[in-house]
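Chain order of the listed sequences is A and B.
Reading the first sequence from the start, the letters are residues 1 to 236 in my numbering.
Reading the second sequence from the start, the letters are residues 1 to 236 in my numbering.
Note that beta-carbon positions come from the ideal geometry of N, C-alpha and C, so glycine has one too.
Structure record follows, encoded as structure tokens.
Number of protein chains: 2
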Amino acid sequence: MAEGNVKVLGAWPSPFVMRVRVALHLKSVDYDNIEENLLEAKSQLLLESNPVHKKVPVLIHWDKFVCESLIIVQYIDELWSYAPSILPSDPYDRADSRFWAAYVDDKFFPALRRVLLGPTEEDQKAAMAEVLEGVVVLEEAFIKLSKGKAFFGGDNVGYVDLAAGSLLAWIKVIEKFTDTKLLSEDKTPSLVTWADCFSSHAAVKDVFPDTDKLADFGMKFRAEILKAASATTTTN
Amino acid sequence: MAEGNVKVLGAWPSPFVMRVRVALHLKSVDYDNIEENLLEAKSQLLLESNPVHKKVPVLIHWDKFVCESLIIVQYIDELWSYAPSILPSDPYDRADSRFWAAYVDDKFFPALRRVLLGPTEEDQKAAMAEVLEGVVVLEEAFIKLSKGKAFFGGDNVGYVDLAAGSLLAWIKVIEKFTDTKLLSEDKTPSLVTWADCFSSHAAVKDVFPDTDKLADFGMKFRAEILKAASATTTTN
Numbered sequence: 001m002a003e004g005n006v007k008v009l010g011a012w013p014s015p016f017v018m019r020v021r022v023a024l025h026l027k028s029v030d031y032d033n034i035e036e037n038l039l040e041a042k043s044q045l046l047l048e049s050n051p052v053h054k055k056v057p058v059l060i061h062w063d064k065f066v067c068e069s070l071i072i073v074q075y076i077d078e079l080w081s082y083a084p085s086i087l088p089s090d091p092y093d094r095a096d097s098r099f100w101a102a103y104v105d106d107k108f109f110p111a112l113r114r115v116l117l118g119p120t121e122e123d124q125k126a127a128m129a130e131v132l133e134g135v136v137v138l139e140e141a142f143i144k145l146s147k148g149k150a151f152f153g154g155d156n157v158g159y160v161d162l163a164a165g166s167l168l169a170w171i172k173v174i175e176k177f178t179d180t181k182l183l184s185e186d187k188t189p190s191l192v193t194w195a196d197c198f199s200s201h202a203a204v205k206d207v208f209p210d211t212d213k214l215a216d217f218g219m220k221f222r223a224e225i226l227k228a229a230s231a232t233t234t235t236n
Numbered sequence: 001m002a003e004g005n006v007k008v009l010g011a012w013p014s015p016f017v018m019r020v021r022v023a024l025h026l027k028s029v030d031y032d033n034i035e036e037n038l039l040e041a042k043s044q045l046l047l048e049s050n051p052v053h054k055k056v057p058v059l060i061h062w063d064k065f066v067c068e069s070l071i072i073v074q075y076i077d078e079l080w081s082y083a084p085s086i087l088p089s090d091p092y093d094r095a096d097s098r099f100w101a102a103y104v105d106d107k108f109f110p111a112l113r114r115v116l117l118g119p120t121e122e123d124q125k126a127a128m129a130e131v132l133e134g135v136v137v138l139e140e141a142f143i144k145l146s147k148g149k150a151f152f153g154g155d156n157v158g159y160v161d162l163a164a165g166s167l168l169a170w171i172k173v174i175e176k177f178t179d180t181k182l183l184s185e186d187k188t189p190s191l192v193t194w195a196d197c198f199s200s201h202a203a204v205k206d207v208f209p210d211t212d213k214l215a216d217f218g219m220k221f222r223a224e225i226l227k228a229a230s231a232t233t234t235t236n
């Protein structure tokens, strides 16, 4: 269903962008995808549409800009309020979904990022230990929230599925780089099954990046980060 | 209006706790206040009610625990959904409020905290520069959101008022410690007027801490943090 003039300013390797695109797919909202190149200078459109953070994704809806992936997902759910709902309807369940989505962004993702981009090997190792604890915490959250169904959101992909599921492609890349299973039948059996369900879901599979292509991007991105860090050290 | 069995596990110096208490006052919800001592070991109730973060505030509603201040505020607004509304009704305005509340928590507060608790004088100085930029950004946001009214939320205290206003007492403490005006007629005239309106609002004034008492707590808290950091360094 087309509803107004909807554009996503995004980038294919970004998990945060994936959340927004999957949310639009769930609601059957047509949109134009504008690709930002994360390895090049930021576009004028990005600087103008998100002047505070200068980060993708930005949802451009008519003349309005909405920033920050989980805020955009809530905007999509509230504006196109027909089923499927992304957040549950009960206030406590909504709070619980928001809690776990915030856990993913504030605790789990920063550790995952450090496994790839941490400044030292020691830091990367410490980050890996945090990630391995984090997946067990998320396994427990999944069991509580899913109530025996396929998704954190129950029968449907919901808010926590978008938050956590968007990281699955990067989890595969990190598993490949580190030769360490982050999700396993042994420690996180429910998340293993959930990861398959999520990545093959109709709203997800077309925007789920190929692991090898993402790994290649990851190496280039890491090189850019290290180059920038080294430049800062030199000029300080 | 009493609605079920509502308790706030909080601590008077915490800006995050203040948000929750003010939200309950706005909705005229009766609650019991359970005080956690931030200078002592965490209580069993805190460890059990917020096992992931082990932080106040926790809203205890019957047998349910809701954690994370802005998530609790949204829970309160959704559960006791009568006026005054804390979040606006329009999806874009809601997204904008969430954006600025997230800005306060993710960008502004961490810098403010470092002014007091940063590990070195150099870091504290850099943090002060970030804070002085941040208040100007918030002044612009206030002009946009308030549309000439008294609050970020317009005529009423809203979501961004709770997010930013809860930091005002700490801003006064930092002004006192550093002898630097963070809010000024010169740079942030709208925020100066707003700060007066917010702190004297009927829902706020009884939970707005006294600056001298908060400054005294701040010194003790800083000493605890430094002691803990020194212990970590010694044992590593």
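- In this structure, the CA atom of D77 (chain B) is about 17 Å from the CA atom of D96 (chain B).
- Relative to the Cα of K187 (chain A), the nearest Cα in the group A:V136, A:K227, A:D216 belongs to A:V136.
- The region 47-63 of chain B and the region 97-110 of chain B do not touch, with fewer than 3 CB-CB distances between them shorter than 8 Å.
- According to DSSP, residue pairing for L59 (chain B) in a beta bridge involves B:V8, B:V66.
- Annotation: the continuous beta strand (DSSP E) that includes I34 (chain B) extends over 32-35.
- Listed in chain order, the alpha helix (DSSP H) runs fully inside the region 95-135 of chain A are 109-117, counting runs of at least 4 residues.
- For A215 (chain B), the CB contacts under 8 Å within the same chain, skipping 5 residues up- and downstream, are V173, K176, F177 in chain order.
- Note that the C-beta distance between F109 (chain A) and P57 (chain A) is not below 8 Å.
- Contact check for Q124 (chain A) and R113 (chain A): beta-carbon distance about 10 Å, past the 8 Å limit, so the pair fails to qualify.
- Residues of chain B with a Cβ closer than 7 Å to the Cβ of F99 (chain A) are, in chain order, C67, E68, I71.
- By DSSP's assignment, G154 (chain A) forms a beta bridge with A:F151.
- Proximity of chain A to P91 (chain B) at the Cβ level (cut-off 8 Å) is accounted for by Y75, E78, L79, in chain order.
- Secondary structure at H25 (chain B): helix, using DSSP grouped into helix, strand and coil.
- Judged by DSSP in its simplified three-state form, E140 (chain B) adopts helix.
- Contacts with chain B (Cβ-Cβ distance below 7 Å) from the region 102-129 of chain A involve A102, Y103, listed in chain order.
- Around the Cβ of G218 (chain B), a 10 Å sphere holds 16 or more other Cβ atoms; the residue is buried.
- With fewer than 16 other CB atoms across the displayed protein chains lying within 10 angstroms of its CB, E224 (chain A) is exposed.
- By the Cβ rule, the region 163-170 of chain A counts as touching the region 181-201 of chain A, because three or more pairs are nearer than 8 Å.
- For V137 (chain B), the C-beta contacts it makes with chain A under 9 Å involve V52, in order along the chain.
- The shortest C-alpha to C-alpha distance from D93 (chain B) to any of A:S89, A:F208, A:Y92, A:C67 is the one to A:C67.
- Distances from the alpha-carbon of W62 (chain A) to those of A:P51, A:K7, A:N37, A:E36 put A:K7 closest.
- Put simply, the CB of A83 (chain B) is far from chain A, with every gap to its CB atoms at 8 Å or more.
- In terms of CA proximity to L132 (chain B), B:I171 leads the group B:W194, B:I143, B:I171.
- For S85 (chain A), the closest C-alpha among the options A:P189, A:A141, A:E140, A:G158 is that of A:G158.
- Across the structure, D30 (chain A) and L24 (chain A) are spaced so that their CA atoms are roughly 7 Å apart.
- Leaving aside the five residues that flank Y75 (chain B) on each side, the residues in its chain whose CB is nearer than 6 Å to its CB run, in chain order, V66.
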